[in-house]
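Q:
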Amino acid sequence: MDKKESLCLAMIIGDGHIRKDKPELSVSHSAKYKEYIDWKASELSKVLGKQVNVYPVISGKYESFRFSATDAIFNELRPYCYESCGNSIITREVLEKLDSKAIAIWYMDDGSLVAKKRNGKIHAYDLTISTYCDLQSVNNIVDYFNQKYGIKFTIKKNKGKFSVRCGTKQARKFIKIVEPHIVKCMEYKTQISECKFN
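Numbered as in our numbering, the sequence shown ends at 1428 without a single skipped number.
(1) Label residue 1235 either buried or exposed according to how many other C-beta atoms from any shown protein chain fall within 10 Å of its C-beta, with 16 as the threshold for buried.
(2) On the three-pair Cβ rule with 8 Å, is the segment 1341 to 1350 touching the segment 1410 to 1424?
(3) Taking the straight line between their C-alpha atoms, what separation do you get for residue 1290 and residue 1298?
(4) What are the boundary residues of the alpha helix (DSSP H) that residue 1346 is part of?
(5) Quick check: the segment 1359 to 1371 against the segment 1270 to 1279, are there 3 or more CB pairs under 8 Å?
(6) Consult DSSP for residue 1286 and reduce its assignment to one of helix, strand or coil.
(7) Look at residue 1429 and residue 1304 and say whether their C-beta atoms are less than 8 Å apart.
(8) With DSSP as the reference, please indicate the residues paired to residue 1363 in a beta bridge.
(9) Could you check the C-alpha separation between residue 1257 and residue 1405 for me, to the nearest Å?
(10) Evaluate residue 1232 with the Cβ neighbour count: other Cβ atoms within 10 Å of its Cβ, from every protein chain shown; 16 or more gives buried, anything less gives exposed.
(11) In three-state DSSP terms, what is residue 1420?
(12) Let's see if you can read the secondary structure: which residues bound the beta strand (DSSP E) around residue 1296?
(13) For residue 1185, tell me which candidate among 1300, 1282, 1383 has the shortest Cα-Cα distance.
(14) Could you have a look at residue 1321 and say whether DSSP puts it in helix, strand or coil?
(15) Once you ignore the five residues that flank residue 1402 on each side, which residues in its own chain have a CB closer than 8 Å to its CB?
(16) Excluding sequence positions up to five away, which residues of its chain have a Cβ less than 7 Å from the Cβ of residue 1242?
(17) Compare the C-alpha of residue 1288 against each of 1259, 1309, 1268, 1313 and name the closest.
(18) Along the beta strand (DSSP E) that carries residue 1257, what are the first and last residues, could you check?
(19) Around the Cβ of residue 1370, are there at least 16 other Cβ atoms within 10 angstroms (buried) or fewer (exposed)?
(20) My assumption, with CB atoms under 8 Å, is that residue 1240 sits in contact with residue 1332. Please give the rounded CB distance.
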């Protein structure tokens, strides 16, 4: 598997965006996740073979951090990630190119883990990857994880866009894949209690 292609795809389908007018990837995160964006920039620097620098962005009281990276690979990957109208898509071809680190980046960008409580005690978890893409894309995601990893996601609809989710048992399987690559400030997205569930 091509590590450069895998890593770049993960950043594109997560919180990154490729400019229309040139092969440039832009990524930004809030100041809360400075550790994470520094790590992403470092990982990207390794595969591109050049330094990717993170810089602060201040908008009113809101502080965030951003980096941009230019490389021919982003022109090559654009057709796999965007429709002609500019909407994001996730094809089976893209999914097959993702290694475990890439899946972890995608989850750290778009994933969430919510504890469900009953009588004040956690009884289950809900893990979601908020892709907000079209129905075909989420069907591709559901089929891919089921066929390759035996993880059963279901489809979740919100305002005409679709995401994928799973419960506690399937979440544990998914977390085993991504956990070795999770950055410290993102560990809350993988912390499932070891208590017994009803």
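Backbone N, C-alpha and C define an ideal beta-carbon position, used for all residues, glycine too.
A: Put simply:
(1) Its Cβ being crowded by 16 or more others within 10 Å, residue 1235 is buried.
(2) Because the criterion of three Cβ pairs below 8 Å is met, the segment 1341 to 1350 and the segment 1410 to 1424 touch.
(3) When rounded, the distance between both Cα atoms is 22 Å.
(4) Element bounds for residue 1346: not the alpha helix (DSSP H) but the beta strand (DSSP E), 1341 to 1348.
(5) Taking 8 Å as the limit for Cβ pairs, the verdict is that the segment 1270 to 1279 does not touch the segment 1359 to 1371.
(6) It is a strand residue.
(7) One cannot answer for residue 1429 here, as it falls past the ends of the chain, which runs 1231 to 1428.
(8) Assignment of beta-bridge partners to residue 1363 by DSSP yields 1392.
(9) Whole-angstrom Cα-Cα distance: 24 Å.
(10) Exposed is the call here.
(11) Coil at residue 1420, not helix or strand.
(12) Run containing residue 1296: 1292 to 1300, per the beta strand (DSSP E) assignment.
(13) Only positions 1231 to 1428 of the chain appear in the structure, and residue 1185 is not among them; the question remains open.
(14) Coil.
(15) Scanning its chain for C-beta atoms nearer than 8 Å, with the 5 sequence neighbours on each side dropped, one finds around residue 1402 the residues 1422, in chain order.
(16) Closer than 7 Å at the Cβ level, and outside the excluded window around residue 1242, lie 1248, 1255, 1307, 1311.
(17) Taking only the C-alpha atoms, the option nearest residue 1288 is 1259.
(18) From DSSP, the beta strand (DSSP E) with residue 1257 extends over 1254 to 1260.
(19) Per the 10 Å Cβ criterion, buried.
(20) Residue 1240 to residue 1332, Cβ: 4 Å. Contact.
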